Amino acid sequence: MGQTVLFRVHTGSMYYQGDLAPRPLSLSFGPSNLAYGTSVGTEFFSWLGVSTKILRGQISGDDAYASDYARKERNLSFTSSVTEVSLFTDIRINYFWKRLDKYKLRLYLTGGVGYMTFDPKTYYQNELVRLQPLGTEGQFLPNSKLKPYALHTITRPLGGIIEFDVAPKTSFGFEVTAHKSYTDYLDDVSGSYVNYDEMVAAGQTQGALLSNRTGEYLGTSVVKVPTGTVRGNSTKKDWFTYFGFHVKYSFGAAIPAIPIVTAALADSEEAQAQDNIQAAIVDRCSDSLVILPSLPLSDQSGLIMRLYGNESKVQIGKDTLCFNELCDRMHETVTSEKPIYIIGTQDVKYKQVLKLKSHLNKCVDQLKAEKALSVYKKPWDEINSIQQEAVIRLLNIKIIETIDQ
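For the numbering used here, add 188 to where a residue sits in the sequence shown, where the first one is 1.
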């Protein structure tokens, strides 16, 4: 079997965090903007995956949404298209916290490193103007200590994913990732103002007008402030956060089809007596239930276990066994590719069923370990989740639970 490839399509929203966010807090988000992307990856182990992701979107900030008057009066705004290419590792939390499996969800901790491009712009006289070439904080002035900032940066994304299956090879997931950048200029705002007259004298009139827009807010002429007056907070880098969902498709692995159990079993006296039995097939790949009415049973169909309400024993054919005597019989039946039937009267104690299922699971775990070694030459825990599903399907394990009516 070849290596499994995982392909995801992502869509959601980007939220900017920085000097032009509504509040001067690390977790204050700017407006929501559409984002989309794709990723391709693989799983090296059942608990560890790696993927390459391309994410595109828009971020923006506007002092018009600020929570305090001083920031509203500053009257700065920006919007920027961003593209990030990143390498992610996904750690499957279910591998370490087995209780999550009962919710039929997969939880991942995801993180990595990325490369991001951006280009902040703002509206001036109904036109969208690029800000970086204007040097709004004096980057292009003679003898300036500031250099023009680059329109790219390294990012460090970190977040989480919740995922569940919607088909044998298709999953749906929700994700949130915070992307820390190593620049303070996603919004073109970082440090201090430069005096308006100084910039105009250097031939940078438009940069001077867009550096300080307080006059536009007040409805007055240009407000002039001394060079060095605080414009932004240069001690904190800018962020953006992505909230979204994805559809994942797995391909490239030769996975056998899921075995289907039908009611076409041998006719017998017991089949006539069980006309009203409702059976549920437990698919151990997806934990889904399929109801089959009027399921006839016979000793030739597989291993038939009958539970009784007041006894801690199981009847198999003419033999009555205690729970601890089941494993050998179960192992023999499963390896012969016959289904296992559990038949119980309505007054069967729930703990009996749980105890029997516990023995079944131990037997199945042993079989899975043996098959993993024979097919992949690796222990069960060292093969990835797609390979584990393939092993389960190769075993052709079918466990059917019924209740006498």
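Note that CB positions come from ideal geometry on N, CA and C, so glycine has one too. Predicted model, so just to flag it, every value in this text is computed and none were measured.
Taking all protein chains shown into account, decide if residue i is buried (16 or more other Cβ within 10 angstroms of its Cβ) or exposed.
i, result
"residue 306", "buried"
"residue 280", "buried"
"residue 302", "buried"
"residue 274", "buried"
"residue 272", "buried"
"residue 345", "buried"
"residue 601", "Nothing can be reported for residue 601, as the shown portion of the chain is limited to 189 through 593."
"residue 575", "buried"
"residue 286", "exposed"
"residue 236", "exposed"
"residue 437", "exposed"
"residue 354", "exposed"
"residue 407", "exposed"
"residue 572", "buried"
Grab me the residues of residue i's own chain with a C-beta within less than 7 Å of its C-beta, minus the 5 sequence neighbours each way, in chain order.
i, result
"residue 370", "341, 342, 425"
"residue 416", "380"
"residue 222", "201, 245, 246"
Compare the Cα-Cα distances from residue i to each of the options and report the closest residue.
i, options, result
"residue 418", "389, 258, 363", "258"
"residue 209", "203, 202, 218", "218"
"residue 434", "304, 348, 384, 421", "348"
"residue 583", "555, 572, 230, 574", "555"
"residue 298", "329, 350, 316", "350"
"residue 338", "376, 314, 365, 240", "376"
"residue 256", "324, 407, 211", "211"
"residue 551", "300, 268, 580", "580"
Can you tell me which residues form a DSSP beta bridge with residue i?
i, result
"residue 345", "367"
"residue 438", "194"
"residue 241", "227, 274"
"residue 358", "355, 437"
"residue 221", "202"
Going by the CB atoms, is the gap between residue j and residue i shorter than 9 Å?
i, j, result
"residue 131", "residue 396", "An answer regarding residue 131 cannot be provided, because it is not within the stretch 189 to 593 covered by the chain."
"residue 310", "residue 265", "yes"
"residue 201", "residue 403", "no"
"residue 334", "residue 394", "no"
"residue 352", "residue 294", "yes"
"residue 230", "residue 242", "no"
"residue 261", "residue 405", "yes"
"residue 278", "residue 228", "no"
"residue 390", "residue 330", "yes"
"residue 203", "residue 430", "yes"
"residue 207", "residue 332", "no"
Within a Cβ cutoff of 8 Å, which residues of the same chain sit near residue i, ignoring the five residues on either side of it in sequence?
i, result
"residue 567", "557, 560, 561"
"residue 383", "412, 413, 414, 415"
"residue 317", "309, 310, 311, 394, 398"
Counting only beta-carbon atoms, is residue i nearer than 9 Å to chain B?
i, result
"residue 557", "Of the protein chains in the structure, only one exists, and it is not chain B."
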